[in-house]
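Protein chains in written order, with our numbering: chain A, -11 to 406; chain B, -11 to 406. We put the beta carbon where it would ideally sit given N, CA and C, even for glycine. Accompanying notes for the structure given below.
Number of protein chains: 2
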Amino acid sequence: MALKKKPVTGMKDILPKEMEIRNYVMNMIRETYGKFGFSSIETPCVEHIENLSSKQGGENEKLIFKILKRGEKLKLESAKEEADLVDSGLRYDLTVPLSRYYSNHANELPAPFKALQMGNVWRADRPQRGRFRQFMQCDIDILGELTYLAEIELVLATTTLLGKLDFHNFTIRINDRKILKAMAQYSGFPAESFDTVFIILDKMDKIGLEGVSEELEKEGFARESIDTYLGMFREITSDIQGVRYIKEKLKDVLDPKVAEDLETIIASVDAVKSTDFKISFDPTLVRGMSYYTGPIFEIAMDEFGGSVGGGGRYDEMIGKFTGQNTSACGFSIGFERIVMLLLERGYEVPGTGEKKAYLIEKNMPADKLLTILKQAEEERRNGTQVTISIMKKNKKFQKEQMMTEGYTEFVEFFRDKL
Amino acid sequence: MALKKKPVTGMKDILPKEMEIRNYVMNMIRETYGKFGFSSIETPCVEHIENLSSKQGGENEKLIFKILKRGEKLKLESAKEEADLVDSGLRYDLTVPLSRYYSNHANELPAPFKALQMGNVWRADRPQRGRFRQFMQCDIDILGELTYLAEIELVLATTTLLGKLDFHNFTIRINDRKILKAMAQYSGFPAESFDTVFIILDKMDKIGLEGVSEELEKEGFARESIDTYLGMFREITSDIQGVRYIKEKLKDVLDPKVAEDLETIIASVDAVKSTDFKISFDPTLVRGMSYYTGPIFEIAMDEFGGSVGGGGRYDEMIGKFTGQNTSACGFSIGFERIVMLLLERGYEVPGTGEKKAYLIEKNMPADKLLTILKQAEEERRNGTQVTISIMKKNKKFQKEQMMTEGYTEFVEFFRDKL
């Protein structure tokens, strides 16, 4: 078989320049989230096929890279369908593995447990510009915290991180799954159609109120329900007044504590924030995954023209593993998008120190090489980055090349001068 | 399908305590190798099945986790063998992907190119204590450097790292594939049997000279060859004298430059080294992979009772991708073994700073919570790690638990005192 030079379809090789930014962002993430008390953990990239097909992953379950059974377990002759051939797959997110991890280790972990995960996930999506089939996710989750303290801390940690990476003027959009449902219920949509309603509502950004109205009508919903529903969206403001409007308007179908908690989350984040961003109530925010049970949030950034992260409360997923519900809330930032934005900006990673190149004449005798190596050892020990290269014929070109790698100082060694 | 709590067979969840050490070691690796001029790169975890089955991976090719084709490409009905079902697999090492990477990007990379890779690899080995089917590898490679400068720099970088991680008194065993072959040739073994001879020689550690002699005899090799061969091993010393003995003894079958270069490598490393270890010539060192073409080396550590890393020169692998040979030399450290040793030693990661826990009374009113959050914000900004938890009924137990996580200071907040 011929060897292939390109990476597999939809995945990418990462060059040194991008890796420098990735490593910098990862260190910043660990440092910032660490200050909030999050601990790093890791799960295997390979997960049981049963866990990946448990309906927790929504559309992502269609995109799994599946792994073939091995040895005697693979029975090719008698296999009737795909499921007979595989026993595992590559994880498509970090939330399902985290829930498994927590179920498996709860008694070895503090309660509540604040987890930081950075790791690759895989989705066999149609390849498109800027989206890859292997990409890094970065999640923080608080497990076992019932109150909105979890939401507040997650939003503060995430926004502090973005501020440190020099992102400002973004918006945290926040809503609550319970408000989403109560608004649909109040308007008279039948409960079994809520998901259809939300899928249409989710397009508000793109098609506007009129577009949503038309699509709902096309689905055959009652005119009255549509009018009541859209009437509310016309009146709701994106601040605390909006939340109070909802609390009053939906008082017969919504526990007032849901709106009160949302108000506290918004007000607290707004009062405590140390970086420049807006947090706004957005009743059109849906978030795709059906596992969310409470507050949901998303980061909108003009510079990117879309979401660079999101999350929410999912109090029922861990119970699917343990039989006992554990409150859980998470926030995921779009690591790859952040790296892309920093690359586009030409972001320079700060403080990598002095970079020096030793250029040594070809065929340097062993005893003279020793002198050079000793000098390099001393400089490196004192914190200077030193690379040693054999001098090329076109020394000028060689130096120019090395300057693009960030080498600023060159020391030349000739055998006759040592 | 029932959800599964345990990780897939042979893989492991990583708890916060171990992650702390892993992150520390990874940072130390990036910092130390960075000073030697190595740049981080990354390749996808998924690799073309053609590249993984190219005979570069030796025994590891039997252990591949293979990935099922997707969509229309998967033709279950007409599939006759495993190969019809798969198009890719999880990489089993970082060397094959690096060779592909370099072939694909050579014109975007400096020459020579010094690469640092840290990443997971997968092998479907029989599960056993302390060995996992997903594990981290950490490789440095110098591509495009013809001379022994590559070997010297690789050994110095690796040993400097081990010293910084507080490992001392280990031994770098070094040999050259060309010496290995010349010794077999000189003894009169037939060229087609060299691999058999080397597999037996590789057991010298365990079965000694007599054992090797018996096994060679059992294979039917001539008594005279065996005696000549073992006679040399009896006389060779593990220092530079040993290398000189080889140079003289094998002068008719070995280019003297091979021995001279090895002598220079050993002498240079010995003279420049800044940490406490031994480098010794070991003519019994074989290294499994057949792709090695020149010097080979391994780290032996008493504490571990075996190898914690190794590498060598493989000047012909990249040519398999490009049609044009590129000199290449790499050193891989046993990341998982190093982490295991540090964990066993009870290694404390230095300088993680002050860790403070705020314990707040249950149902704290929103306005008072704000005061607490603001205080936390300020402390975090000034570098203190602060975690905020709701006070539990058994506060004493709660604090004891948090002390095991490293929290040393506790601040309690009661609503009536705010």
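Taking the beta carbon of A:Asn92 as reference, the chain B residues within 8 Å of it are Lys(-7), Lys(-6), Pro(-5), Asp1, listed in sequence order. No Cβ-Cβ contact shorter than 8 Å links B:Ile167 with B:Cys317. Spanning the alpha carbons of A:Lys380 and B:Phe101 requires a straight line of approximately 14 Å.
The alpha-carbon of B:Leu153 is positioned some 21 Å away from that of A:Ser28.
Taking C-beta separations shorter than 6 Å and ignoring five residues to either side along the sequence, the partners of A:Glu397 in its chain run Lys344, following chain order. B:Arg161: member of the beta strand (DSSP E) spanning 158 to 164, first to last residue.
8 Å or more divides the Cβ of B:Gly300 from the Cβ of B:Gly322. In this structure, the straight-line span from the alpha carbon of B:Glu205 to that of B:Ile214 is close to 8 Å.
Annotated three-state conformation of A:Thr184 is helix, per DSSP.
Across the segment 307 to 339 of chain A, CB contacts with chain B closer than 9 Å involve Lys308, Phe309, Thr310, in sequence order along the chain.
Interface flag for B:Pro244 against chain A is unset, since no Cβ pair is found closer than 8 Å. With a cutoff of 8 Å on beta-carbon distance, A:Phe285 and A:Ser226 are scored as not near each other.
Following the DSSP letters along the chain, one finds B:Asn108 inside the beta strand (DSSP E) bounded by residues 101 to 110.
Per DSSP, reduced to three states, the secondary structure at A:Pro85 is helical.
The segment 308 to 316 of chain A makes no contact with the segment 159 to 173 of chain A; the number of CB pairs closer than 8 Å stays below 3. Using a 10 angstroms sphere on the CB of A:Ser201, the tally of other CB atoms reaches 16 or more, which defines it as buried.
The continuous stretches of beta strand (DSSP E) do not include A:Ser256, which lies in the alpha helix (DSSP H) extending over residues 244 to 260. Note on geometry: alpha-carbon atoms of B:Ala210 and B:Gln44 lie some 31 Å from one another.
Sequence-distant partners of B:Tyr395 (beyond 5 residues in either direction) whose C-beta falls short of 6 Å from its own C-beta, in its chain, are Lys343, Ala345.
Scanning B:Gly294, B:Val231, B:Tyr90, B:Glu47 for the CA closest to the CA of B:Tyr80 turns up B:Glu47. By a beta-carbon distance limit of 8 Å, A:Ser42 contacts B:Leu(-9). Their separation comes to about 6 Å. For A:Phe53, at least one C-beta of chain B is nearer than 8 Å to its own C-beta. Across the set A:Leu56, A:Ala71, A:Glu212, the C-alpha of A:Leu56 shows the shortest separation from the C-alpha of B:Asp72. Assignment of B:Ile214 by DSSP, reduced to helix, strand and coil, places it in the helix class. Take the alpha-carbon of A:Ile195 and the one of A:Thr147: they are about 29 Å apart. Using beta-carbon distances, B:Met391 does not count as an interface residue toward chain A, since no partner is under 8 Å.
Collapsing the DSSP output to three states places B:Thr375 in a strand.
Per DSSP, B:Arg301 is one residue of the beta strand (DSSP E) stretching across 294 to 301.
Around the beta carbon of B:Gln116, a 10 Å sphere encloses fewer than 16 other beta carbons of the protein chains shown; the residue is thus reported as exposed. The C-beta of A:Cys33 comes closer than 8 Å to at least one C-beta of chain B. Straight through space, the alpha carbons of B:Tyr174 and B:Met220 are spaced by roughly 10 Å.
It is roughly 14 Å from the alpha-carbon of B:Ile326 to the alpha-carbon of B:Asp127.
At least 8 Å separates the beta-carbon of A:Pro4 from that of B:Thr31. Judged by beta-carbon spacing, B:Leu331 lies beyond the 8 Å limit of B:Phe292, meaning their Cβ atoms are not closer than that value.
Our two residues, A:Ser66 and A:Arg58, have alpha carbons roughly 15 Å apart in a direct line.
Close to chain B, meaning a Cβ-Cβ distance shorter than 7 Å, are the following residues of the segment 359 to 381 of chain A: Leu361, Lys362, Glu365, Arg368, Arg369, Gln373, Val374, Thr375, Ile376, Ser377, Ile378.
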